[in-house]
Each structure stands twice: as C-alpha cells, then as structure tokens.
Amino acid sequence: MRKRIIADSILLFVTFVWGVTFVIVQDAIIIMPVFAFLSVRFLLAGALLFLPVLFISSQRKALFDRNIWRVGGMLGFWLFAGYALQTIGLLYTTPGKAGFITGLYVVMVPILSIFVLRSMPSKFAWLGVVAATVGLFLLAYNRSGGVNIGDVLEFFCAVSFTVQIVFVGKHTQRFASLPITAIQITIVGVLSLVAGLVTHVDLGTSLHALTNTTVINAVWINVL
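The numbering used here applies: residue 1 is where the sequence shown begins, and numbers increase by one.
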C-alpha cells in the first residue's frame with residue numbers, strides 16, 4: 001500500500017511539472033526561436049544521457065547494434081514532430097488548451113494499439129476516449145473564438161506522441177532502455193538544429209537568448 005502511495009505521488013508530481021512546463025516554455029519561445037530552443041534543450045539532454053551509456057560497458061555495447069540506431073532514429077523523428085508541433089502551437093494558443101489537447105495522446109494510444117500491437121482497449125479506455133472528445137469540444141468551442149491554428153498543431157502533436165509511444169511499446173523491449181532513450185533525445189536535438197538552420201534562425205538572437213533567465217529556467221526544467 002505504501003509503495004503504491006509513493007508511486008502515485010511521484011506520478012502526480014510529474015504531471016504537475018509537465019503542466020507547468022507549458023507556461024514556462026511559452027514564455028521562453030517568445031524570447032528564443034522555437035527550433036533553437038528545442039535544439040539546445042534536447043542536445044543538452046542527449047549529452048547528459050549519453051554520459052552513463054559511454055562509461056558503462058554493458059550499456060555501451062548496445063550502441064554497436066545497427067537496429068538500435070534504426071529504431072531509435074524512427075522514434076526520435078516522431079518525438080521531434082511532437083515537440084516541434086507542440087512548441088510552435090504554443091505561439092498561437094493558450095498553455096491550458098495546449099496541455100489539454102496534447103494530453104489526448106493518453107486516449108489515442110489504446111486506439112492505435114489496436115492496429116499496431118493487436119491489443120483491444122478495455123471498456124474504460126473507450127469511455128476515456130468519449131470523455132476526452134467531449135471535453136475537447138467544450139474547451140475548443142467557447143467564447144474565445146473556437147479552434148485556431150495553435151489548437152490544430154497541438155492536436156497533430158498529440159498524434160505524433162501517440163505514434164511514438166505505441167512504437168516504443170512495440171520495439172524497445174529488444175533494447176536497453178538508456179541507450180535507445182539517449183539516441184531518441186539526441187535525434188530530436190539534431191533534427192531541431194537542422195530545422196533551425198533551414199528556417200534561417202538568427203544565431204545571434206538565439207545565443208543572446210541563452211543569457212535570459214526565463215530561457216535558462218525553461219531549458220533546465222525540461223531537461224531535468
């Protein structure tokens with residue numbers, strides 16, 4: 001019973017931190033370009049994750065398997081798509097709506113699992129789908145003007161996260177968790193850096209933004 005309370009408390013704390021990051025990130029990307037912020041955030045996180053992988057021989061051996069890079073690259077792409085759409089969406093919608101719409105991946109996962117994992121959701125999962133859909137409708141169609149482009153981006157962010165989560169469940173049991181996580185996170189950082197270069201992110205503005213307290217807090221809160 002005690003272990004369950006501790007586990008539930010940790011999950012509650014993680015949920016709280018996850019929700020708070022929407023507000024913090026929205027403030028940060030007003031100061032720093034989206035892809036520059038994402039590249040710093042995920043390249044730093046990837047470097048921190050690769051440190052134990054490189055220094056622990058049992059973990060390091062996994063990096064010589066081509067399959068872990070192939071699967072990790074695929075998972076990293078969907079993770080990048082999710083975070084890119086989520087962060088850009090925050091430029092156009094409120095943190096509350098972004099958090100709610102992004103959270104729809106929780107009910108999308110069981111649906112996609114039917115086709116990918118051949119796993120039929122329980123009746124409670126279907127009730128969750130209905131409740132979330134009604135909640136989205138009530139939230140989006142209000143006096144604030146209905147659905148905007150930010151809401152649409154957040155929805156496709158939820159779809160991307162759904163695909164990533166389901167394929168994590170399908171593939172990652174074959175690999176050590178730390179190396180494939182490090183690969184995924186680093187791929188997000190690299191793709192963000194490439195996207196920033198393609199969209200002509202101002203390097204001077206980005207570097208200057210890294211001295212801003214709001215940006216620094218947003219980066220470290222999301223990394224940790």
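Heads up, the beta-carbon is just placed ideally off N, CA and C, and yes, glycines get one too.
As the structure is a prediction and not an experimental result, all values here were calculated from the model.
Burial state of residue i, where buried means 16 or more other Cβ atoms lie within 10 Å
i    : result
N67  : exposed
Q173 : exposed
V130 : exposed
N222 : buried
P110 : buried
I165 : buried
K97  : buried
I29  : buried
I56  : exposed
R41  : buried
L85  : buried
Unbroken alpha helix (DSSP H) run spanning residue i, endpoints
i    : result
H200 : Where H200 is concerned, there is no enclosing alpha helix (DSSP H), given that its DSSP letter is neither H nor E.
L38  : 34-55
Y92  : First-last for Y92: undefined, no H or E at that position.
K61  : No alpha helix (DSSP H) holds K61; DSSP gives it neither H nor E.
F22  : 2-31
M108 : 105-116
Q164 : 149-171
Proximity to residue i [Cα-Cα], best of the options
i    : options             : result
I180 : A195, R70, M120     : R70
I187 : T205, S58, F77      : F77
P95  : L207, T21, I6, V215 : T21
Own chain partners of residue i with C-beta closer than 7 Å, once the 5 adjacent residues on each side are dropped
i   : result
Y83 : L38, V188
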